[in-house]
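Structure first, commentary second.
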Amino acid sequence: MGAKENIQGTIDGHDVVLFMKGTKMMPQCGFSSRVAGVLNFMGVEYQDVNVLADPEIRQGIKDFSDWPTIPQLYVKGEFVGGCDIVTEMTLSGELDQLFESKGVTYNKDAAEKIREANA
Amino acid sequence: MSVTQEIETRLRDAFAPRELEVVDDSARHRGHAGYREGGESHFNVTIRAPAFEGMSRIARHRAVHSALGRDLVGRIHALALTIEA
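Listed below in structure tokens is the structure:
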């Protein structure tokens, strides 16, 4: 199975997938850590994929989305963005809206706390 | 030309921005993955340009990636973007 099929299978198999450097419990990069931290804090159930563990996935995910950087967040098969976009969407409330429209469970109070802390 | 200047030049040419700030943030990442002596590995870019009007967040980022080019983006370890219309 090629990297592309592997990635597609992961995205199809989970509502929320984060391709990141390191794992959700032990991120290896500040940008990955920030996105994983937001999802962890908001209580979102998601699959983490450590690209450092597989060079084919590390390059493959960049080709898959035509996006040159990691982390990359996918919700219900759709590419949402990287660290900058996820951060902006968290603070603006757009991430809440996205989760609600896609039927992804998350903790609204936690999202509000992030916004209060960054107001 | 430094990487900072290269980023600035390409973004100015592509978007004629009202505001453009390119900060080499490499020193703050000393000792982290991707850090190289001499810097030019981690950048924070803030750009405001009418060209981004009506574009989604992803489209804005893609437009910046495209203006910088695959080669330049490949040479930068980390690129944090704030893009506004």
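Sequence order for the protein chains is F and Y.
Taking our numbering, I'd label the letters of the first sequence as residues 1413 to 1531.
Taking our numbering, I'd label the letters of the second sequence as residues 32 to 116.
Positions of the beta carbon are idealized from the N, C-alpha and C atoms, including for glycine.
Keep in mind that this is a model prediction, so the values were computed, not measured.
Could you check whether residue 1515 of chain F and residue 1424 of chain F sit closer than 8 Å to each other, using their CB atoms as the reference points?
Numbered from 1 along the first sequence, position 12 holds the residue referred to as residue 1424 of chain F. Numbered from 1 along the first sequence, position 103 holds the residue referred to as residue 1515 of chain F. Cβ atoms of residue 1424 of chain F and residue 1515 of chain F: not closer than 8 Å.
Considering only C-alpha positions, which residue in the set Y/114, Y/33, Y/35, Y/41 is nearest to residue 80 of chain Y?
Translated into positions along the second sequence, residue 80 of chain Y becomes position 49. Answer by Cα proximity: Y/114.
Rounded to the nearest angstrom, what separates residue 112 of chain Y and residue 86 of chain Y at their Cα positions?
Translated into the one-based positions of the second sequence, residue 112 of chain Y becomes position 81. Translated into the one-based positions of the second sequence, residue 86 of chain Y becomes position 55. Residue 112 of chain Y and residue 86 of chain Y: Cα-Cα distance of roughly 15 Å.
Determine which residues share a DSSP beta bridge with residue 1471 of chain F and list them.
Stepping through the first sequence from its first residue, residue 1471 of chain F is reached at position 59. In DSSP, residue 1471 of chain F forms no bridge with anything.
State yes or no: is the beta carbon of residue 89 of chain Y nearer than 8 Å to at least one beta carbon in chain F?
Here residue 89 of chain Y refers to the residue found at position 58 when the second sequence is read from its first residue. Taking Cβ atoms only, chain F reaches closer than 8 Å to residue 89 of chain Y, which makes this a yes.
With contact counted as at least three CB pairs below 8 Å, one residue from each stretch, are the stretch 1510–1530 of chain F and the stretch 50–57 of chain Y in contact?
No, the stretch 1510–1530 of chain F is not in contact with the stretch 50–57 of chain Y.
When burial is assigned at 16 or more other CB atoms within 10 Å of the CB, is residue 1413 of chain F buried or exposed?
Mapped onto the first sequence, residue 1413 of chain F falls at position 1. Residue 1413 of chain F should be labelled exposed.
Can you tell which of F/1434, F/1447, F/1438 has its C-alpha closest to the C-alpha of residue 1496 of chain F?
Here residue 1496 of chain F refers to the residue found at position 84 when the first sequence is read from its first residue. The shortest C-alpha separation from residue 1496 of chain F is found at F/1447.
With three or more C-beta pairs closer than 8 Å as the rule, is the stretch 1506–1522 of chain F touching the stretch 38–46 of chain Y?
These segments do not touch.
Suppose only complete runs of 3+ residues qualify. What are the beta strand (DSSP E) ranges in the stretch 72–104 of chain Y, listed by chain order?
Qualifying beta strand (DSSP E) stretches, in chain order: 73–79.
8 Å is my cut-off, CB to CB: does residue 1496 of chain F come that close to chain Y?
Counting from one through the first sequence, the residue named residue 1496 of chain F turns up at place 84. Chain Y contact via Cβ: present.
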